[in-house]
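Take the sequence shown: its position 122, counting from 1, is numbered 447 in my numbering, and each next residue is one higher.
The C-beta atom is built at its ideal place from N, Cα and C for all residues, glycine as well.
Just so we're clear, the structure is a prediction, and the values are computed from it rather than from any experiment.
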Amino acid sequence: MATRGTGGSGAVSLVGCGYVADLYMRSLALHPEIAVTGAHDRDPVRLAAFCTHWGIAALPSMASLFATLPSGGVVLNLTNPGEHAAVTRACLTAGAHVFSEKPMVTALGEARELAALAEARGLQLASAPSSVLSRTAQGLFRALRAGHPGTPRLIYAELDDGFIPQAPLEQWASQSGAPWPWRDEFTVGCTMEHAGYWLSWLIAAFGSVSRVEAAIAETIPDKRGVTGQPDFSTAVLHFAAGPVARLTCSIAAPHDHRLRIVGDTGVLEVPRAWDNAAPVRLRRRRTLRRRLFEEPVARDIGLSGRPHPMVRRSGAASMNFALGPAEMLSAIAAGRPSRLSGAYALHLTEVTLAIAAGARAEMTTTCPPLEPMPWAA
326 MATRGTGGSG AVSLVGCGYV ADLYMRSLAL HPEIAVTGAH DRDPVRLAAF CTHWGIAALP
386 SMASLFATLP SGGVVLNLTN PGEHAAVTRA CLTAGAHVFS EKPMVTALGE ARELAALAEA
446 RGLQLASAPS SVLSRTAQGL FRALRAGHPG TPRLIYAELD DGFIPQAPLE QWASQSGAPW
506 PWRDEFTVGC TMEHAGYWLS WLIAAFGSVS RVEAAIAETI PDKRGVTGQP DFSTAVLHFA
566 AGPVARLTCS IAAPHDHRLR IVGDTGVLEV PRAWDNAAPV RLRRRRTLRR RLFEEPVARD
626 IGLSGRPHPM VRRSGAASMN FALGPAEMLS AIAAGRPSRL SGAYALHLTE VTLAIAAGAR
686 AEMTTTCPPL EPMPWAA
């Protein structure tokens with residue numbers, strides 16, 4: 326099979342050809358400047374099906390993957406969450422930059438070790454989600470920098486996905502035929518899988534979380550045979566810059582992916598977490614005689630146009646999974662740190678792990694707000 330893409334902005338190779346790998350390939354198809362040199366999976370049947378579907382080289386080993394990845398290329402670690410740390414360690418040891426599917430790791434000690442290894446070797450290490458680089462997220466951050474909706478005081482972030490164990494999961498398959506990994510999803514938990522979608526935005530906007538006060542519970546005792554695993558979390562996040570956020574994740578409550586930022590003069594709203602083109606709405610606070618209210622008709626103050634390739638809706642989402650890898654390749658070419666690597670990646674991991682553990686803890690890592698994309702500055 327030939328290499329896919331021109332490679333004008335660099336190259337990537339994939340490790341892991343499961344369900345999420347198709348979402349990355351679907352997005353990479355909109356980035357012809359990125360070459361896909363091939364993919365590796367320990368299951369030869371899955372590897373063959375995936376590579377045949379996408380027309381890329383099937384790499385029989387990690388050694389062959391490293392041998393074919395050009396200098397400055399990035400390995401996309403799309404393996405099962407339990408394998409993320411080992412695969413990332415192998416890639417960094419081999420001298421390859423890594424962009425990992427979330428969660429980057431499942432233990433903070435591993436995150437620190439891998440971050441130190443990457444720094445020592447002069448490599449970049451970052452993880453999903455990429456939606457923080459999307460038009461909607463960057464438009465939200467620009468609105469906040471412009472002073473809307475006044476000083477942010479309180480944030481409500483929802484990631485309720487519906488009563489997922491009762492969904493027809495057996496019918497959920499990727500473009501190349503990989504089944505949705507429901508057992509991994511239920512075992513790893515919705516917090517590790519989903520908290521990053523809003524948490525990455527909040528850290529990007531406000532910087533470090535100083536303290537986490539979280540609670541977790543198993544509300545559905547038997548999730549297709551998976552037991553003893555939390556399926557609900559709620560966390561109060563105290564940001565060093567001032568705002569307080571409440572982040573809730575569940576696979577039991579009705580679908581709700583809203584973000585609301587309450588400020589001194591009104592409310593900023595994003596209705597959908599998994600939509601790169603979702604509006605950023607402002608409702609100003611008004612008084613009328615004895616009444617206090619937010620305007621019933623919101624105004625969209627987000628960005629317009631197509632500052633990055635937009636992916637059509639597939640299933641529950643319309644997200645470009647390649648935005649993070651593309652930004653990392655750009656950073657490598659320019660000799661600068663990726664926006665999603667380093668202190669940001671480590672802090673996002675620590676906060677996510679604290680929420681998933683139901684912890685009440687002071688955070689030990691810090692990071693500044695994310696530098697805006699040039700088209701959103």
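Status (buried if at least 16 other CB within 10 Å, exposed otherwise) for residue i
i	result
Q463	buried
H409	buried
A392	exposed
L613	exposed
D347	buried
E652	buried
R671	It is worth fixing the name first, because residue 671 is Leu in this sequence and not Arg. The residue in question, L671, is buried, as its Cβ has 16 or more Cβ neighbours within 10 Å.
R367	exposed
G397	exposed
L607	buried
V537	buried
S663	buried
V340	buried
R460	buried
Chain-order list of residues whose beta-carbon lies under 7 Å from that of residue i (same chain, five-residue window excluded)
i	result
C515	D486, D556, C574, S575 and I576
R446	L417 and G420
A565	G532, S533 and S535
A327	With a pLDDT of 48 at A327, under the threshold of 50, the modelled position of this residue cannot be trusted, and the question is left open.
G649	F424, A451, A453, S455, L458 and L665
P694	A529, A530, F531 and G532
L678	L433
E510	E518
Secondary structure of residue i, DSSP reduced to three states
i	result
P504	strand
P650	helix
I489	helix
E687	strand
L695	coil
L484	strand
I541	strand
L617	strand
T512	helix
R664	coil
S535	strand
R351	helix
A498	strand
M326	With a pLDDT of 43 at M326, under the threshold of 50, the modelled position of this residue cannot be trusted; read the value that follows with caution. Note: M326 maps to coil in three-state DSSP.
Residue interval of the alpha helix (DSSP H) (run including residue i)
i	result
A668	A668 to A681
A529	C515 to F531
heavy atom of the ligand ATP below 8 Å from residue i C-beta
i	result
P634	In terms of ligand content, the structure shown is empty, and the ligand ATP therefore cannot be addressed.
Extent of the continuous beta strand (DSSP E) to which residue i belongs
i	result
T559	F557 to F564
G337	Sequence check: residue 337 is Val here, not Gly. Where V337 is concerned, the enclosing beta strand (DSSP E) stretches over G335 to V340.
Own chain residues within Cβ distance below 6 Å of residue i, not counting five before or after
i	result
S352	V636, N645, F646 and A647
I489	I576
R571	Y481 and V561
Contacts around residue i, its chain only, beta-carbon distance under 8 Å, and the 5 residues preceding and following it disregarded
i	result
W599	S456, Y522, H582, A641, A642, S643 and M644
G683	A539, A540, I541, P555 and S558
L469	P477, A530, I586 and L593
Open item on the list: Ignoring anything shorter than 3 residues, give me the beta strand (DSSP E) runs that lie fully in the stretch 415-482, in order along the chain.
Closed with: 422-425 and 450-452
- [ ] Can you check the stretch 353-418 for any beta strand (DSSP E) of at least 3 residues that lies completely inside it and give the ranges in chain order?
- [x] 359-365 and 399-402
Open item on the list: Runs of 3 residues minimum, wholly inside the stretch 567-609: which ones carry the beta strand (DSSP E) assignment?
Closed with: 569-575, 584-588 and 591-595
Task: 4-residue-minimum alpha helix (DSSP H) runs that sit fully inside the stretch 619-651, ordered along the chain - done: none
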